[in-house]
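**Q** Just passing along the structure, written as structure tokens.
Following this line, the structure appears as structure tokens:
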């Protein structure tokens, strides 16, 4: 039932209708994603999204932090040396390109993932077509178009997982192409794509292990392969060379910019410490179930369906039916007899994608986006395969035996279950995304109204910035939207406070103590006009605030938190707010 199809060997010519369906899916996805930012589009284009009522969805802390970094790099700052971040460089370079092409504004950030998502859809279409025929390719593309926009996974935003998915699926497609046609250039390119994905986030190196095993193994029974063991070893070496070349080129670029040592410190020292040394969240669920439940509220309560907290939502709320279908599809592709080696490769690659969610141990909702390409492809392949006995039961040729009643019944059950899971997920996504006003998406699914408030505060800071000739902002917290919407640059390379820096600020941690000292030195050397304190301040920051700053009524707070204005301009800053309200 599951032997390699004609498409898997490349023998069947392409038809016109799958291409037309692909073009329709690509157009649909562009329209579907535009629901999030329709208010930012020119009038005629915005009117194409009639359900998008009210303002656009505001950017969150990650999106604004990355855009801020792109803006700063365009102004001459060097990544890692002048802007500290613990992830590899490619994602930030992509953001820099987006800001260069589209400007330092919300619409440019919202449009950024579109080419990567459309590219991933096209690659999944090609993979499905090659593995199980045109119906499979079109189905995989359609499933991903919906699943990759899931607001519960922040899929409608501009997180870096979209870049990782594109490079990872490209690696899979190139590997399948190279192994089937003995094209070593494709195998080298597959390695380079894995390297590119790992240059966005380190954990994306995991699928390399799957490809390394696949390139060395013989194909399944009944599949032709003329490669000798030496040829397979050479293929593995070529794959590794492609991977190393991608990473080596990025390292060379950083070194030529004078950021090599800083990059090593951030990526290879601070990045791992963020995963191992960050204090556990209070009342966090145990790791054995956290991959399923996601994170808990500060009081330890879990979201529906595991608890009753309204503090956050469960990542699987909008897609749980198709996740169940994927689990069944992966189990089938890995264990069923007669399944082709390419199908098993897809299943193993999907498992590797899931490991990328688990290994960091953080379980942020957008991490689960990394599994959505595997969800689309495995579900589509499993559904088309399950229909095989039904199709053959209608044939009356001597070369193809008709399936028995038991296999037909199993086929009907499997196909019906998978179809129901797909349909249920589509209904959930339409209800939870397309029928929800864009700004309400962040309130319901992404941390309440904090991003709405931060956009409003940032825009107010932008209006009042004329009080200074060259205003600067320092943030002790994660509230990067104030930098972005306020159009205010910082004074230190540590512009974003992660949990490790927050938790260890008053301790003698070997990586954190030098950072705190550098932050304080930068503040004293170039006192910023404004300081926003989103976390309780560490002692040196508290003392600095008392020396030079006064709290603002714009964003009040207790225990040293809130917005602080330098004493010389405090009254003018507050008066600017009064004038704005009068106007």
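Numbering (the UniProt record's numbering), first residue to last: 1 to 583.
C-beta atoms are modelled at their ideal positions from N, C-alpha and C, and glycine is treated no differently.
When DSSP builds the beta bridges, which residues end up paired with residue 126?
**A** Sequence index remark: in the chain shown, residue 126 carries index 126 (1-based). DSSP lists no partner for residue 126.
**Q** Which one or two residues does DSSP pair with residue 551 in a beta bridge?
**A** Taking the first residue of the chain shown as 1, we reach residue 551 at position 551. Bridge partners of residue 551: 564.
**Q** Report buried or exposed for residue 266, applying the criterion of at least 16 other Cβ atoms within 10 angstroms of its Cβ.
**A** Here residue 266 refers to the residue found at position 266 when the chain shown is read from its first residue. Buried: at least 16 other Cβ atoms inside 10 Å.
**Q** From the DSSP output, in three-state form, read off residue 339 for me.
**A** Along the chain shown, one-based indexing puts residue 339 at 339. Coil, per DSSP.
**Q** The alpha helix (DSSP H) that contains residue 112, what's its start and end?
**A** The residue given as residue 112 occupies position 112 in the chain shown. It is not in any alpha helix (DSSP H) - residue 112 carries neither H nor E in the DSSP assignment.
**Q** For residue 489, which beta-bridge partners are listed by DSSP?
**A** Along the chain shown, one-based indexing puts residue 489 at 489. 472, per the DSSP bridge assignment.
**Q** For residue 485 versus residue 459, is the C-beta distance shorter than 7 Å?
**A** Here residue 485 refers to the residue found at position 485 when the chain shown is read from its first residue. Here residue 459 refers to the residue found at position 459 when the chain shown is read from its first residue. Contact flag set, yes.
**Q** Give the list of continuous alpha helix (DSSP H) stretches no shorter than 4 residues that lie fully inside the region 21-79.
**A** If we require 4 residues or more, the alpha helix (DSSP H) runs fully inside the region 21-79 come out as 43-46, 61-74.
**Q** Within 10 Å of its beta-carbon, does residue 6 have 16 or more other beta-carbons around it, so buried, or fewer, so exposed?
**A** To locate residue 6, count along the chain shown from 1; it is residue 6. Low confidence applies to residue 6: its pLDDT is 41, below 50, so where it sits in the model is not reliable enough to give any reading.
**Q** Can you name, in chain order, every residue of its own chain whose Cβ lies under 8 Å from the Cβ of residue 287, other than the five neighbours on each side?
**A** Within the chain shown, the letter at position 287 stands for residue 287. If we look at residue 287 and ignore the five residues flanking it on each side, its Cβ neighbours are 361.
**Q** State yes or no: is the C-beta of residue 464 within less than 7 Å of the C-beta of residue 573?
**A** As a position in the chain shown, residue 464 is number 464, starting the count at 1. As a position in the chain shown, residue 573 is number 573, starting the count at 1. Result yes, Cβ atoms of residue 464 and residue 573 sit closer than 7 Å.
**Q** Identify every residue that forms a DSSP beta bridge with residue 533.
**A** Position 533 of the chain shown, counted from the first residue, corresponds to residue 533. DSSP output for residue 533 lists 476, 562 as bridge partner(s).
**Q** Taking 6 Å as the limit between beta carbons, can you name the residues of its chain near residue 210, skipping five residues before and five after?
**A** Position 210 of the chain shown, counting from 1, holds the residue named residue 210. For residue 210, where only same-chain residues beyond five positions count, the Cβ hits under 6 Å are 348, 349, 352.
**Q** For the alpha helix (DSSP H) that contains residue 303, what are its first and last residues?
**A** Here residue 303 corresponds to residue number 303 of the chain shown, with the count starting at 1. First-last for residue 303: undefined, no H or E at that position.
**Q** Among the residues of its own chain, which have a CB less than 6 Å from the CB of residue 359, if the five just before and after it don't count?
**A** Within the chain shown, numbered from 1, the residue matching residue 359 stands at position 359. Cβ neighbours of residue 359 beyond the five flanking positions: 203.
**Q** Below 8 Å, can you find three or more Cβ-Cβ pairs linking the region 560-576 to the region 524-541?
**A** Yes: the two stretches touch, three or more of their Cβ pairs being nearer than 8 Å.
**Q** Which whole-angstrom value describes the C-beta separation of residue 273 and residue 127, a residue pair presumed to lie in contact below a C-beta threshold of 8 Å?
**A** Position 273 of the chain shown, counted from the first residue, corresponds to residue 273. Position 127 of the chain shown, counted from the first residue, corresponds to residue 127. Taking 8 Å as the upper bound for CB-CB distance, residue 273 and residue 127 are not in contact here, some 37 Å apart.
**Q** Do the region 168-175 and the region 314-325 meet, that is, are 3 or more Cβ pairs less than 8 Å apart?
**A** no
**Q** DSSP state of residue 279, grouped into three classes?
**A** Here the question's residue 279 lines up with position 279 in the chain shown. Reduced to three states, the DSSP call for residue 279 is coil.
**Q** According to DSSP, is residue 288 helix, strand or coil?
**A** Mapped onto the chain shown, residue 288 falls at position 288. In the structure shown, residue 288 sits in a helix (DSSP, three-state: H, G or I).
**Q** Using 7 Å as the threshold, is the C-beta distance between residue 481 and residue 454 below it?
**A** If you number the chain shown from 1, residue 481 lands on position 481. If you number the chain shown from 1, residue 454 lands on position 454. Going by C-beta atoms, residue 481 is nearer than 7 Å to residue 454.
**Q** Whole angstroms is fine: what's the gap from residue 326's alpha carbon to residue 146's?
**A** Locating residue 326 in the chain shown gives position 326, counting from the first residue. Locating residue 146 in the chain shown gives position 146, counting from the first residue. C-alpha separation (whole angstroms): 15 Å.
**Q** Under a Cβ-count criterion, where at least 16 other Cβ atoms within 10 Å of its own Cβ denotes burial, should residue 71 be classed as buried or exposed?
**A** For this step, residue 71 is matched to residue 71 along the chain shown. By the Cβ-count criterion, residue 71 is buried, with 16 or more other Cβ atoms from all chains shown falling within 10 Å of its own Cβ.
**Q** Tell me, to the nearest whole angstrom, how far the beta carbon of residue 490 is from that of residue 472; I am working on the premise that it is less than 8 Å.
**A** In the chain shown, residue 490 corresponds to position 490, counting from 1. In the chain shown, residue 472 corresponds to position 472, counting from 1. The Cβ separation is near 6 Å, so the contact holds.
**Q** Return the chain-ordered list of same chain residues with a C-beta closer than 7 Å to the C-beta of residue 232, the five sequence neighbours on each side being excluded.
**A** Position 232 of the chain shown, counted from the first residue, corresponds to residue 232. Counting only Cβ-Cβ distances below 7 Å, and skipping sequence neighbours, we find 215, 216.
**Q** By how many angstroms is the C-alpha of residue 41 removed from the C-alpha of residue 58?
**A** In the chain shown, the residue the question calls residue 58 occupies position 58. In the chain shown, the residue the question calls residue 41 occupies position 41. Using only the alpha carbons, I get a separation of about 14 Å.
**Q** Could you pull out every residue in the same chain whose Cβ sits closer than 7 Å to the Cβ of residue 185, ignoring the five residues on either side in sequence?
**A** For the purposes of this step, residue 185 is identified with residue 185 of the chain shown, where counting begins at 1. No residues qualify anywhere along the chain.
**Q** Could you work out which residue in 497, 80, 548, 493 is closest to residue 477 when comparing CA atoms only?
**A** Here residue 477 refers to the residue found at position 477 of the chain shown. The candidate whose alpha carbon is nearest that of residue 477 is 497.
**Q** Just curious, the alpha helix (DSSP H) that residue 439 is in, first and last residue?
**A** As a first step, residue 439 is located in the chain shown; it is residue number 439 there, counting from the start. Boundaries of the alpha helix (DSSP H) around residue 439: 438-445.
**Q** Buried or exposed for residue 15, please, with buried defined as at least 16 other CB atoms from any protein chain shown within 10 angstroms of its CB.
**A** Position 15 of the chain shown holds residue 15. So residue 15 ends up on the exposed side.
**Q** Quick test of the definition: if touching needs 3 or more C-beta pairs under 8 Å, does the region 158-165 touch the region 78-98?
**A** yes
**Q** Give me the residue from 303, 425, 333, 308 with the minimum Cα distance to residue 365.
**A** Position 365 of the chain shown, counted from the first residue, corresponds to residue 365. Minimum Cα-Cα distance from residue 365 among the listed residues 303, 425, 333, 308 corresponds to 303.
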